[in-house]
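The structure under discussion appears below in the form of structure tokens.
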Amino acid sequence: MTLVTQDMIDTYQRDGVVLIKGLWADWVEVIRAGIERNMAEPGPYAAENLKPGEGGRFFDDYCNWERIPEFAQVIRDSAVADVAAQLMQSDRVQMFHDHVLVKEPGTSKPTPWHTDGPYYFVEGRQTVSFWSPVDPVREASLRCVAGSHLWEKDVLPTRWMSETNFYPDPEAYMPVPDPDAEGMPVREWQMEPGDAVAFNYRTLHGARGNQAGTRRRAFSLRLLGEDARYVDRPGRTSPPYPGHGMQPGARLREDWFPVLRG
Ligand SMILES: O=C(O)CCC(=O)C(=O)O
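Numbering (my numbering), first residue to last: 1327 to 1588.
Shown next, in the form of structure tokens:
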């Protein structure tokens, strides 16, 4: 089955976001099992993202693929590295990290608009995240602003729970826009389990709450291309990878971030 056409590559380059129908259609059970294992055995970064009194449950955790065999299998054996290579136009594809985001039924809290790039210690034009639900999703799928990956200034990173600035230098960033109020082109799709939204680390994105009667379990995988390099940030990054020992301008260390292709 052809997962990626030239038209989809062009769309990804132009919009910084594209839908990959059926990317993990054959891997839904494996990913579901991985998410269940992750929720039963949360890692040190696991978080509950609701304040007291907010309905539902919004769980997330990341950087667990090395201890969750189902995630390692998907990363190694599915077509995702080849799809990433095509979309990024990069022969080399390197692992960054995995992320699980679960909104249980009745979770009204939206995921705030943000771009992932400024939270990370890596930058490049060739980056891609794949966000994939393992439940059918109608309203609560990912919402991405087309073309925002080409904005010159980074969008202000904030903490989702406290709504405070993530770094001490907010003037270095553009304020978080309100894409709906400002009439920006928002791409979003009703999705089946195993479909994936591919988006650049610089693409502005968010999600509605999950008001449906069904769970919204999502797996996000972050990969890097040829031109991605380590950058210093003005504070602890997310994810932090303490003791990584990398220097600005270097590729990410391959013993922690394995090369999947190229
Ligand atoms: O699942 C969500 O609600 C948001 C996902 C997200 O921000 C991401 O995968 O980068």
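For glycine and all other residues, C-beta sits at the position ideal for the given N, C-alpha and C.
- Cβ atoms of residue 1412 and residue 1335 come within 8 Å of each other, at about 6 Å.
- Between the segment 1502-1517 and the segment 1424-1437, the count of C-beta pairs closer than 8 Å stays below three; the two stretches do not touch.
- Ligand 1 approaches residue 1427 closely enough that one of its heavy atoms is under 6 Å from the residue's Cβ.
- By the Cβ neighbour-count rule, residue 1435 is buried, with 16 or more other Cβ atoms within 10 Å of its own.
- Taking C-beta separations shorter than 6 Å and ignoring five residues to either side along the sequence, the partners of residue 1547 in its chain run 1424, 1456, following chain order.
- Straight across, the Cα-Cα distance linking residue 1410 with residue 1416 is about 8 Å.
- For residue 1521 and residue 1406, the gap between their C-alpha atoms comes out near 12 Å.
- Per the Cβ contact rule, the segment 1331-1346 is in contact with the segment 1461-1479 (3 or more Cβ pairs under 8 Å).
- Placement of the Cβ of residue 1372 at a distance of 6 Å or more from every heavy atom of ligand 1 is found.
- With contacts defined as CB atoms closer than 7 Å, residue 1387 and residue 1370 fail to qualify as a contacting pair.
- Burial state of residue 1332 is exposed, judged by a 10 Å Cβ sphere holding fewer than 16 other Cβ atoms.
- Looking only at 1523, 1463, 1491, 1553, the smallest Cα-Cα distance to residue 1346 is reached by 1523.
- Residue 1586 is positioned such that its CB atom lies no closer than 7 Å to that of residue 1441.
- The count of Cβ pairs closer than 8 Å, one atom from the segment 1397-1405 and one from the segment 1494-1504, stays below three, leaving the stretches out of contact.
- Between residue 1575 and residue 1555, the C-beta gap is smaller than 7 Å, which places the two residues in contact.
- When only Cα atoms are considered, residue 1448 and residue 1354 end up about 29 Å apart.
- Distance from the CA atom of residue 1558 to the CA atom of residue 1539, rounded to whole angstroms, is 43 Å.
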